[in-house]
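*Asks:* Below is a structure I'd like to ask you about.
2 protein chains.
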Amino acid sequence: MLATVIHAARDIRVETVPDPVITTGDDAIVKVVAACVCGSDLWPYRGVTPTHEPHRIGHEFIGVVEAVGEAVTAVQVGDFVIAPFYVCDNTCANCRNGVSTSCLNGGWWGGDDRNGAFADGGQGERVRVPLADGTLAVVPGPVRDEQIPGLLTLSDVMGTGHHAAVSAGVGPGDTVAVVGDGAVGLCAVIAAKRLGAATIIAMSRHPERQALARRFGASHVVAERGPEGIERVRELTGGIGADRVLECVGTKESMDQAIRSARPGGMVGYVGVPNGGPELPVRQLFNTNVGVNGGVAPVRGYIEELLPDVLSGAIEPGLVFDLELPLAEAAEAYAAMDERRAIKVLLRP
Amino acid sequence: MLATVIHAARDIRVETVPDPVITTGDDAIVKVVAACVCGSDLWPYRGVTPTHEPHRIGHEFIGVVEAVGEAVTAVQVGDFVIAPFYVCDNTCANCRNGVSTSCLNGGWWGGDDRNGAFADGGQGERVRVPLADGTLAVVPGPVRDEQIPGLLTLSDVMGTGHHAAVSAGVGPGDTVAVVGDGAVGLCAVIAAKRLGAATIIAMSRHPERQALARRFGASHVVAERGPEGIERVRELTGGIGADRVLECVGTKESMDQAIRSARPGGMVGYVGVPNGGPELPVRQLFNTNVGVNGGVAPVRGYIEELLPDVLSGAIEPGLVFDLELPLAEAAEAYAAMDERRAIKVLLRP
């Protein structure tokens, strides 16, 4: 079958690889209906994280179950399923605590074996899914083609934006600022609106992303960054800053922007993968009682909550996909996102 | 009148200073009944923070109102009052948000004028209290002498321990670890118990403090620190770490201990004044979804909630005072706390 393999920075190839096979009774084989490129895939693409040897890549996919191991009971052949961007049993202590990204038996897609990750990635024709009962969420009923993009966001970006909002404690009437206008930031706007925020300030300099943020529920757009951006947020929040700030980038600058945009006693919910490990300024946090909460989003646990709103069209996270390509053109998908020609690219095997 | 003045590191003197006078209509003059030395007072005492010129020191006191300005309505002459360790109007946007330590019109006791702080400190015979309506909390009814220590803790340490627990989100059934066995850490044990924690692990190496922690509600005591301490906490919490960790010290080591003692998805509530500004390891926090929340405790807003339990004896935070001295011996009070001969020293003018 065909699957995407990264060989080195900026060297993405779609190659013939062995078909996946059931190797434990807990496995399922999923025929991929749609996959996509994640902002975090751009790190190895750009060489920010090194690629030691060629390996499969990709971690967001939806599809149809083709085969299941003998111990699998929660999913059946023919089920339409959503895979989160990681593997989890959904039963261990950490999963029960809502932190399935820290599953005691789970792991990650697409790494090389030295990382202890599962060898399959999501950007391919099929994927072997370990711990299928825990990992996969079944979509009830027939799936219409126009629902595909929205369902695919539940494998990562919509759940991740939701995690930013949940981590920040967004609730009815809150003022919320969102730092980052990528797919996750835009989904964080959806999540804040869905959780009842009264004022949502999207920080974005790109007209088309600003427009999408407004469609998703942003009441204000702030194009400025740095001190000017902080000042604009203050002006929009009674002079004190936002109750909740959703950090969806992961750089030192974006985290600083987020922390300084929060009001005293406010909370920053962050989901941007820390790029190079910016440390948090504890004295600044201490003096202002601004909290920081979040991390790698346990999206598996959010699928059941968000799925009805995606199926009904009450929320439209699928609109973050502004380019669709066949799997064979995965290299162009990476380039388009790297050059910011696309917010997020959907791949069809 | 007499009041404590710090001249330089390890140079604490009780001197005659001018009696305070009402200078604005919002002021009150409070005759101090009891004051105390705070762990954070030891910073200038030890020279960790420089003392540029002699100034008043102290910020925890209770007493009786002797005079009020013409605009004061909430407190009357003769009222027994608790002053928090800062001044606040209790009406601004930040105070209404529960963050009175960030009061838009407030300030701090005992600094020199260059810091914009109010010149009075709490370790004296009388204090001019600005913004008296917002700052002071009235204790109803007659106060018995044995209630004095408990009431005094509401000016700082009991409210600060409570803030650690509130910031960490302690609730019924939680497992809680408390890092720090000073007065604040011990009060954090009280707060965790009061909020319904099922398992409370006090980290302490001092037998008398361990005993007090147990009296306050600790179910377990861990004497180990570093990796051994973390391992002991894990053993007591099903192998994953504590739901909530209360950091009550403020060093890099204690914050690290706290973060690594929390389970994935857990929350660290921190109130230890950051000593030298330890930065927080964002990558570690991100990977484990451990949040960090807290800061300088807005104790003014907690007094009304905690006061009934102090007056009834339901909680006994006054036991953290293990030494009582006359104000004239303030220098010895500092020395006793510096040398850890005392947990916390109560001063009587």
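Those protein sequence lines, which keep their order, are chains S and U.
When we follow the numbering used here, the leftmost residue of the first sequence carries the number 9, and every step to the right adds one.
When we follow the numbering used here, the leftmost residue of the second sequence carries the number 9, and every step to the right adds one.
Where a beta carbon is used, it is the ideal one built from N, C-alpha and C, also for glycine.
Please return the same chain residues whose Cβ sits closer than 6 Å to the Cβ of residue 357 (chain S), not counting the five positions on each side in sequence.
*Replies:* So the list reads 40, 133 and 335, once near-sequence residues are dropped.
*Asks:* For the alpha helix (DSSP H) that contains residue 345 (chain S), what are its first and last residues?
*Replies:* That run of the alpha helix (DSSP H) goes 338–346.
*Asks:* Buried or exposed for residue 104 (chain U), please, with buried defined as at least 16 other CB atoms from any protein chain shown within 10 angstroms of its CB.
*Replies:* Label assigned to residue 104 (chain U): exposed.
*Asks:* Report the option in U:78, U:193, U:118 and U:154 whose CA atom is closest to the CA atom of residue 32 (chain U).
*Replies:* When only C-alpha atoms are compared, the closest one is U:78.
*Asks:* Would you kindly report the start and end of the unbroken alpha helix (DSSP H) that includes residue 53 (chain S)?
*Replies:* Counting along the chain, the alpha helix (DSSP H) containing residue 53 (chain S) begins and ends at 50–54.
*Asks:* Chain S partners of residue 288 (chain U), CB-CB under 7 Å?
*Replies:* Correct list: 287, 288 and 290.
*Asks:* Between the alpha carbons of residue 192 (chain S) and residue 256 (chain S), how many angstroms are there, rounded?
*Replies:* Answer to the nearest angstrom: the Cα atoms are 6 Å apart.
*Asks:* Determine the burial state of residue 175 (chain S): buried for a count of at least 16 other Cβ atoms within 10 Å of its Cβ, exposed for fewer.
*Replies:* By the neighbour-count rule (16 or more Cβ atoms within 10 Å), residue 175 (chain S) is buried.
*Asks:* State the start and end residues of the unbroken beta strand (DSSP E) segment that holds residue 267 (chain U).
*Replies:* Not the beta strand (DSSP E): residue 267 (chain U) falls in the alpha helix (DSSP H), residues 260–269.
*Asks:* Say whether the region 192–210 of chain S touches the region 240–255 of chain S, bearing in mind that this needs 3 or more beta-carbon pairs closer than 8 Å, one atom from each stretch.
*Replies:* Enough Cβ pairs lie closer than 8 Å, so yes.
*Asks:* Any beta carbon from chain U within less than 8 Å of residue 333 (chain S)'s own beta carbon?
*Replies:* It does not; no Cβ of chain U falls within 8 Å.
*Asks:* Rounded to whole angstroms, what's the CA-CA distance from residue 160 (chain S) to residue 222 (chain S)? Just pull it up for me.
*Replies:* Cα to Cα, residue 160 (chain S) sits roughly 22 Å from residue 222 (chain S).
*Asks:* Rank S:195, S:253, S:299 and S:52 by C-alpha distance to the C-alpha of residue 307 (chain S) and give the top, closest one.
*Replies:* It is S:195.
*Asks:* Are the beta-carbon atoms belonging to residue 327 (chain U) and residue 353 (chain U) less than 8 Å from one another?
*Replies:* Cβ atoms of residue 327 (chain U) and residue 353 (chain U): not closer than 8 Å.
*Asks:* Taking residue 27 (chain S) as the reference, which of S:20, S:18, S:16 and S:10 has the closest Cα?
*Replies:* The shortest Cα separation from residue 27 (chain S) among S:20, S:18, S:16 and S:10 belongs to S:10.
*Asks:* Quick one: list the residues of chain S neighbouring residue 300 (chain U), beta-carbon separation under 9 Å, in chain order.
*Replies:* Residues of chain S passing the Cβ test: 288, 290, 293, 299, 300 and 301.
*Asks:* Beta-carbon separation of residue 341 (chain U) and residue 45 (chain U) under 8 Å?
*Replies:* Yes, the Cβ-Cβ distance between residue 341 (chain U) and residue 45 (chain U) is below 8 Å.
*Asks:* Please report the straight-line C-alpha distance between residue 239 (chain S) and residue 271 (chain S), rounded to a whole angstrom.
*Replies:* Using only the alpha carbons, I get a separation of about 12 Å.
*Asks:* Please determine, among U:163, U:344 and U:190, the residue with the shortest C-alpha to C-alpha distance to residue 68 (chain U).
*Replies:* That would be U:163, whose Cα lies nearest to the Cα of residue 68 (chain U).
*Asks:* Using a Cβ-Cβ distance cut-off of 8 Å, determine whether residue 113 (chain U) contacts chain S.
*Replies:* Not closer than 8 Å to any Cβ of chain S, the Cβ of residue 113 (chain U) fails to qualify, so no.
*Asks:* Identify each residue in the region 157–175 of chain S for which the Cβ-Cβ distance to at least one residue of chain U is less than 8 Å, and report them in chain order.
*Replies:* Taking 8 Å as the Cβ-Cβ cut-off against chain U, the residues of the region 157–175 of chain S that qualify are 175.
*Asks:* Who are the near neighbours of residue 361 (chain U) in its chain, counting only those whose CB is closer than 6 Å to its CB and skipping five residues on each side?
*Replies:* Summary: the structure shown does not reach residue 361 (chain U), with chain U confined to residues 9 through 357, and so no result is reported for it.
*Asks:* Using the three-state DSSP reduction, which class does residue 202 (chain U) fall into: helix, strand or coil?
*Replies:* Here residue 202 (chain U) sits in helix by DSSP.
*Asks:* Using the Cβ count rule (16 or more neighbours within 10 Å means buried), how would you classify residue 265 (chain S)?
*Replies:* So residue 265 (chain S) counts as buried.
*Asks:* With 16 other CB atoms within 10 Å as the buried threshold, where does residue 347 (chain U) fall?
*Replies:* Label assigned to residue 347 (chain U): exposed.
*Asks:* In the DSSP assignment, find the unbroken alpha helix (DSSP H) run with residue 168 (chain U) in it and report its ends.
*Replies:* Residue 168 (chain U) -> alpha helix (DSSP H) spans 165–176.
*Asks:* Find out if the Cβ-Cβ distance for the pair residue 185 (chain U), residue 166 (chain U) is shorter than 8 Å.
*Replies:* Result no, Cβ atoms of residue 185 (chain U) and residue 166 (chain U) do not sit closer than 8 Å.
*Asks:* Out of U:81, U:319 and U:190, point me to the one whose CA is closest to residue 157 (chain U)'s CA.
*Replies:* Out of U:81, U:319 and U:190, U:319 has the C-alpha closest to the C-alpha of residue 157 (chain U).
*Asks:* Could you run through the region 86–105 of chain U and flag, in chain order, every residue whose CB is less than 7 Å away from some CB of chain S?
*Replies:* Cβ contacts with chain S: 101, 102 and 105.
*Asks:* For residue 138 (chain U), which option in U:73, U:201 and U:86 has the closest C-alpha, if you only look at C-alpha atoms?
*Replies:* The shortest Cα separation from residue 138 (chain U) among U:73, U:201 and U:86 belongs to U:73.
*Asks:* Expressed to the nearest angstrom, what Euclidean distance is found between the alpha-carbon atoms of residue 269 (chain S) and residue 249 (chain S)?
*Replies:* Taking the straight line from one Cα to the other gives about 5 Å.
*Asks:* So residue 130 (chain U) and residue 36 (chain U) are in contact, right, with Cβ under 8 Å, and what is the actual spacing, rounded?
*Replies:* That belief does not hold up - the Cβ atoms of residue 130 (chain U) and residue 36 (chain U) are roughly 14 Å apart, past 8 Å.
*Asks:* On a Cα-Cα basis, can you pick out the residue from S:48, S:147 and S:62 that is closest to residue 86 (chain S)?
*Replies:* It is S:147 whose Cα lies nearest to the Cα of residue 86 (chain S).
*Asks:* So if I threshold CB-CB distances at 9 Å, which residues from the region 237–249 of chain S count as touching chain U?
*Replies:* Going along the region 237–249 of chain S in chain order, one finds 246, 247 and 248 with a Cβ nearer than 9 Å to chain U.
*Asks:* At the 8 Å Cβ level, is residue 124 (chain S) part of the contact set with chain U, yes or no?
*Replies:* Since pLDDT at residue 124 (chain S) reaches only 45, below the 50 mark, its modelled position is unreliable, and no value is offered.
*Asks:* With a cut-off of 8 Å, does the C-beta of residue 110 (chain S) fall near any C-beta of chain U?
*Replies:* Chain U, which has a Cβ nearer than 8 Å to the Cβ of residue 110 (chain S), makes this yes.
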